[in-house]
Each structure stands twice: as structure tokens, then as C-alpha cells.
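Peer 1:
Numbering (the UniProt record's numbering), first residue to last: 1 to 217.
1) Can you round the beta-carbon distance between residue 102 and residue 44 to whole angstroms, since I take them to be within the 8 Å contact cut?
2) Which residues mark the beginning and the end of the alpha helix (DSSP H) in which residue 60 is found?
3) What is the DSSP secondary structure of residue 218, reduced to helix, strand or coil?
4) Taking the straight line between their C-alpha atoms, what separation do you get for residue 41 and residue 133?
5) Do you know offhand how far residue 100's Cα is from residue 13's?
6) Spatial neighbours of residue 108 within its chain, please: C-beta separation below 6 Å, excluding the five flanking residues on both sides.
7) Helix or strand or just coil, what does DSSP make of residue 148?
8) Just the Cα atoms here: how many angstroms apart are residue 87 and residue 124?
9) If you reduce the DSSP assignment to three classes, tell me which class residue 172 lands in.
10) So, does the CB of residue 81 fall closer than 7 Å to a CB anywhere in chain B?
11) Give the single residue among 136, 117, 128 and 106 whose Cα lies nearest to the Cα of residue 208.
12) Excluding the five sequence neighbours on either side, which residues of its own chain have a C-beta within less than 7 Å of the C-beta of residue 95, listed in chain order?
13) Specify the secondary structure class of residue 110 as computed by DSSP and reduced to three states.
14) Report yes if the CB atom of residue 111 is closer than 7 Å to the CB atom of residue 54, and no otherwise.
15) Out of 126, 121, 93 and 120, state which residue places its alpha-carbon closest to the alpha-carbon of residue 135.
16) Quick one, which of 122, 137, 131 and 57 has its alpha-carbon nearest residue 38's?
17) Would you kindly check if the distance between the Cβ of residue 130 and the Cβ of residue 89 is under 7 Å?
18) Give the C-beta separation of residue 115 and residue 71 to the nearest angstrom, bearing in mind that I take them to be a contact with Cβ-Cβ under 8 Å.
19) Can you look up residue 127 in the DSSP assignment and give me helix, strand or coil?
20) For residue 24, is the classification buried or exposed, using 16 other Cβ atoms within 10 angstroms of its Cβ as the cut-off for buried?
21) In whole angstroms, what separates the C-alpha of residue 126 from that of residue 206?
22) Tell me whether residue 33 is buried or exposed, calling it buried when 16 or more other Cβ atoms sit within 10 Å of its Cβ.
23) When burial is assigned at 16 or more other CB atoms within 10 Å of the CB, is residue 113 buried or exposed?
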């Protein structure tokens, strides 16, 4: 009898320790996640060296509330620290490219990328020299004497040549692959204007900043 009681007490103690461990784990995830959210803008600027910090966020953004917190905090920092006349267009483009890369790792479905990139895409469309900088960036390796900021443009050209997932305009039923056994519905926090992501190179994502291709002719 005493042995049975001792065994039950031991089992209860083990269960309590497991519950405590899970509780501490949740607390650690929340605190680390909140820290990484506050650092996300810097992580984008420092990409890809900041890959580990971005991956830390994946275990935190598991609810619509935390996902909304992430995009709200990040877009606010983006607007304050980058979307202003003092920022060079080449730097904004580089940050946008890094944003695509990082948010694709963070949320492969593309919901967070769609939400976080709207402001910077709109701002790039409004800047008078965006088209010119993109074109010079594409040509900078073959025409290194184009301008004084050749080094920046060369770095931008290297980024433009990398193939990464990006947002493609559209996203209706006609784009669904009914033979895809891995298909899943859009996440619950996807807005009505959410666009499914498809594999494009980064140049394609920049071209899609404008609705009409006439801008490029």
C-alpha cells in the first residue's frame, strides 16, 4: 500500500514537472518572439546573416494575434526608418529584396509577405527614380561607368539576378492546381486581397510593382 502511494506521488511529481517545463518553454518562446519582432527591421537589413533570428520567430507566430503584431510592428518600423526622402532608392530596393527572402522563410504561404510588403511596394511606385535605379542596377555589371554609385548598383544587380519566391499578381480559382496533393486553403488571417505566391525571380517581383508593362518600354 505504501509503495502504491509512493508510486502515485512520484508519477504526479513527474507530471507536474512536465507541465512546469512546458510552461517555461512557452514563456521563453513568447519573450524571445517579442524580442525578435522588435529586431525584425534590423534582421531584414542584415539579411542573410540574420537567418537564425528570423527562424526563431516561426515558433512564435502561431496565432493570428502574434502574426498581426509582427506585421504591424514591422511595417511601422519600415515606414519610419526607410520610407522617407533621405533614404536612397537603391537601399530601399535592397531592403525590399531582403524582405521577400526573409518573409518567405518566415511564412512560406506568403500571407505575411503580402501584408508586410504593401507599404514599401506603394512607396517604391511613388518614387520618381525607382524605374531608373532598377534599370541601372540591371545594367551596372555591363556598364560600370554609369554613375558614381556604381558599387551600390553592382550589389543591387547581384541581388536582381537571384531567383527567389515572390508575389505574382492574380490569384483566382483558375490558378489552383487540382493535382497538387499538398494543397491547403489560405490561412485564416489571409485578407480578401491576399495573393498566392508563386516562384518568380526578383526582377519579376519588381516589374509587378506597376500594373502596366508600358512603364518598361
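Positions of the beta carbon are idealized from the N, C-alpha and C atoms, including for glycine. Treat the numbers as computed from the prediction; the structure is a model and nothing was measured.
Peer 2: To lay it out plainly:
1) By one-based count along the chain shown, residue 102 stands at place 102. By one-based count along the chain shown, residue 44 stands at place 44. Contact flag correct, Cβ pair sits at about 6 Å.
2) Residue mapping note: residue 60 aligns to position 60 of the chain shown, counting from 1. Here residue 60 belongs to no alpha helix (DSSP H), and DSSP marks it neither H nor E.
3) The requested residue 218 does not occur in the structure, where the chain is confined to residues 1 to 217.
4) The residue given as residue 41 occupies position 41 in the chain shown. The residue given as residue 133 occupies position 133 in the chain shown. Rounded to whole angstroms, residue 41 to residue 133 spans 23 Å at the Cα level.
5) Here the question's residue 100 lines up with position 100 in the chain shown. Here the question's residue 13 lines up with position 13 in the chain shown. Distance between the alpha carbons of residue 100 and residue 13 is about 47 Å.
6) Position 108 of the chain shown, counted from the start, is the residue given in the question as residue 108. Once the five neighbours on either side are set aside, residue 108 has no close Cβ partner at all.
7) Within the chain shown, residue 148 is the residue found at index 148, counting from 1. Legend: pLDDT at residue 148 = 47, less than 50; position of this residue unreliable, value from coordinates given subsequently. Three-state result, residue 148: coil.
8) The residue labelled residue 87 in the question sits at position 87 within the chain shown. The residue labelled residue 124 in the question sits at position 124 within the chain shown. The alpha-carbon atoms of residue 87 and residue 124 are separated by roughly 11 Å.
9) Start at 1 with the first residue of the chain shown, and residue 172 comes out as number 172. Note that residue 172 scores 37 on pLDDT, short of 50, meaning its location in the model is unreliable; the coordinates nonetheless yield the value given after this. In this structure, residue 172 counts as coil in the three-state DSSP scheme.
10) Looking for chain B here will not work: only one protein chain is present.
11) Reading the chain shown from its first residue, position 208 is the one you call residue 208. Closest option to residue 208, Cα to Cα, is 117.
12) Here residue 95 refers to the residue found at position 95 when the chain shown is read from its first residue. Taken in chain order, the residues that qualify are 44, 45 and 82.
13) Along the chain shown, one-based indexing puts residue 110 at 110. Three-state result, residue 110: coil.
14) Counting from one through the chain shown, the residue named residue 111 turns up at place 111. Counting from one through the chain shown, the residue named residue 54 turns up at place 54. Cβ distance not < 7 Å, so residue 111 and residue 54 don't count as in contact.
15) Taking the first residue of the chain shown as position 1, residue 135 is located at position 135. Among 126, 121, 93 and 120, the Cα nearest to that of residue 135 is on 93.
16) For this step, residue 38 is matched to residue 38 along the chain shown. Out of 122, 137, 131 and 57, 57 has the C-alpha closest to the C-alpha of residue 38.
17) One-based indexing of the chain shown puts residue 89 at position 89. One-based indexing of the chain shown puts residue 130 at position 130. Yes, the pair counts as a contact, with Cβ atoms nearer than the cut-off.
18) Counted from its first residue, the chain shown places residue 115 at position 115. Counted from its first residue, the chain shown places residue 71 at position 71. Confirmed, Cβ separation roughly 5 Å.
19) Here residue 127 is taken as the residue at index 127 of the chain shown, counted from 1. Coil.
20) To locate residue 24, count along the chain shown from 1; it is residue 24. The residue is exposed, with fewer than 16 neighbouring Cβ atoms inside 10 Å.
21) Here residue 126 is taken as the residue at index 126 of the chain shown, counted from 1. Here residue 206 is taken as the residue at index 206 of the chain shown, counted from 1. Straight-line Cα distance between these residues: approximately 13 Å.
22) Within the chain shown, residue 33 is the residue found at index 33, counting from 1. Per the 10 Å Cβ criterion, buried.
23) Stepping through the chain shown from its first residue, residue 113 is reached at position 113. Answer is buried; the Cβ neighbour count reaches 16.
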